[in-house]
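Heads up: the sequence shown is residues -17 to -1, 1 to 325, going by mature numbering (1 follows the signal peptide of the UniProt record, and there is no 0).
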Amino acid sequence: MKHVIFAVAGLALLSTAACKVNYDKTKSGLPYKVVSSKGGQSVVPGQIVKFNVEFKLSPKDSILNTTYGKFPGYTPVDTGKNTEYTFIELFPLLKVGDSVEFTMSIDTLKNRGMIPDYDSIFTRNGQIKGKLSILGAFATQDLAKNDMDKEMEREKAREIASIEDYLNKKGIKAQRTRNGAFVEITTPGDPNLKADSGKLAMVMYRGYLQDGGTVFDTNMDTSKGHTDPIPVVVGTRRVIQGWDEALPYFSKGSKGKIYVPSTLGYGMRGAGQDIPANANLIFDIEVVDVKDAPPAQPQQQGGNPFGNLSPEQMKQLQEQMQQQRQQQQGAQPQQAAPEQKK
């Protein structure tokens, strides 16, 4: 998890040789080069800056994280000590419309305590490439929020279009829910026992990424350590929104798939190491039973990544949130903690 957080937070590097050509350095020694300047307004402390950023691990230039073509980052402009040797330190040196390449040494990160130790990702003498583009700067939180809302709608449209393209290429016929999840029913089940809002549905599931097929959790086999159906009181916001909208299309005995855009799943924060930010998800679903929900029916806690968490999962989530708060205090963008619907 620490690897993901550090990557998202912007520990980006270029090659040492490239740093010797037309590169300036920040006060902390971060090498950078402005590659495009539009002559826009200067970025000043106190503003909220909108940006795209990308990080590639050298020498193969494999992408660690990118916001290009996705939801952009927003963060306050800060000149505090905690921004030293991060891309946040570059903001006051740039204008809206600027793009910049920057580098950081993994050895320097290790010496500064910004990574815990060398490993298979952060290797001794290693380097990561970074690219940053300044898209806008806002004087108030309200102005930034208005812009974020517009970007969220654009991101939602991109995600839904991606799912529609996926379905069309595979010739899959699916129904769209109110806000853009898609439901494919392969076995209809009992129409008299619908998993309507307020009903208790017992669900078997297998969840994986749309773009890679990696299974991040399941109770359909023993690979994730739990095989009991999970109880879901439909429509009570105890699960991700995509599930709440899709489950009423199922009945007792129904089988099918749910295609969930990121905005109805785990969004820009992702969930743990297995669900990255802005990831569309697919779930194989079987509803094994539907019945009336008892008053104040509690959610099952063991092994359920969609509602209540086990004590071990809660501890992990708390650690992630604490790391994010520390990063935000250092003007680092947050992207790595899961957001649960409870």
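C-beta: ideal position from N, C-alpha, C; glycine also.
Within its chain, find whatever has a CB closer than 8 Å to the CB of residue i; leave out the 5 residues flanking it on each side and keep chain order.
i      : result
Thr106 : Ile89
Thr197 : Tyr191, Asp257
Gln280 : Because the pLDDT at Gln280 is just 44, under 50, the model does not fix this residue reliably, and the point stays unresolved.
Gln24  : Lys78, Val79, Ala120
Asp194 : Ala262, Asn263
Thr210 : Asn202, Met203, Asp204
Ser145 : Gln193, Pro244, Asn263
Asp100 : Lys93
Quick one: residues in its chain with C-beta nearer than 7 Å to the C-beta of residue i, no 5 flanking neighbours on either side, listed in chain order?
i           : result
Leu118      : Lys33, Phe34, Asn35, Pro55
Glu72       : Thr9, Ser11, Leu13, Thr66
Met131      : Tyr57
Val166      : Ala157, Gln158, Thr160, Ala229, Tyr232, Gly239, Ile241
Ala178      : Ala184, Val217, Leu230, Pro231, Phe233, Ser234, Val270, Val273
Asp173      : Ser234, Lys235, Gly236
Arg95       : Tyr68
residue 372 : It is not possible to answer for residue 372, since the shown part of the chain is limited to -17 through 325.
Ala122      : Gln30
Arg137      : none
Asp148      : none
Using a Cβ cut-off of 8 Å (strictly closer), state whether residue i contacts chain D.
i     : result
Thr49 : This model lacks chain D altogether, as it is built from one protein chain only.
Looking at residue j and residue i, is the spacing between their C-beta atoms short of 8 Å?
i      : j      : result
Gly163 : Leu247 : yes
Val271 : Met203 : no
Tyr188 : Phe266 : yes
Glu269 : Lys238 : yes
Val79  : Gly29  : no
Lys16  : Asn5   : yes
Ser206 : Glu142 : no
Lys112 : Lys64  : no
Ala262 : Arg252 : no
Ser41  : Gln110 : yes
Ala276 : Gly208 : no
Lys53  : Glu84  : no
Give me the DSSP bridge partner(s) of residue i.
i           : result
Gly190      : Asp200, Phe266
Val216      : Leu183
Phe70       : The partner list for Phe70 (beta bridge, DSSP) is empty, contrary to what the question assumes.
Gln110      : Ser88
Ala260      : Answer by DSSP bridge pairing: none, since Ala260 is not bridged.
Lys39       : Ile46, Lys112
residue 329 : One cannot answer for residue 329 here, as it falls past the ends of the chain, which runs -17 to 325.
residue 326 : Because the chain spans -17 through 325 in this model, residue 326 falls outside it and cannot be assessed.
Thr58       : Val32
Lys16       : Glu84
Asp7        : Tyr15
Ser25       : Lys78
Using C-beta distances below 6 Å, list every residue in its chain close to residue i, excluding the 5 sequence neighbours before and after it, in chain order.
i           : result
Phe199      : Gly190, Asp257, Ile258
Ala120      : Val26, Gln30, Val32, Val79
Met297      : At Met297 the pLDDT is 45, less than 50, meaning the model places this residue with poor confidence and gives no usable figure here.
residue 345 : Since the displayed the chain opens at -17 and closes at 325, residue 345 lies outside it and no answer follows.
Lys139      : Thr246
Val243      : Ala164, Gly225, Leu264
Leu150      : Ala157
Ser82       : Val18, Ser19, Ser116
Tyr51       : Asn35, Glu37
Thr49       : Glu37
Gly286      : Interpretation of Gly286 is limited by its pLDDT of 38, a score under 50 that renders its predicted location unreliable; the figure taken from the coordinates is listed afterwards. Within the same chain, Gly286 has close Cβ partners His209.
Phe278      : The displayed chain sequence assigns Pro, not Phe, to residue 278. There are no such residues.
Heavy atom of the ligand NAD less than 7 Å from the Cβ of residue i, yes or no?
i      : result
Gly225 : For the structure depicted, the ligand NAD is absent and the ligand set is empty, with no information on it obtainable.
Count the CB pairs spanning the region 141 to 161 and the region 78 to 98 that are closer than 8 Å, and state whether there are at least three.
no
At least 3 beta-carbon pairs within less than 8 Å: the region 37 to 51 vs the region 131 to 140
no
Complete runs of the beta strand (DSSP E) confined to the region 231 to 258 [at least 3 residues]:
238 to 243
Give the list of continuous beta strand (DSSP E) stretches no shorter than 3 residues that lie fully inside the region 151 to 187.
165 to 170, 173 to 177
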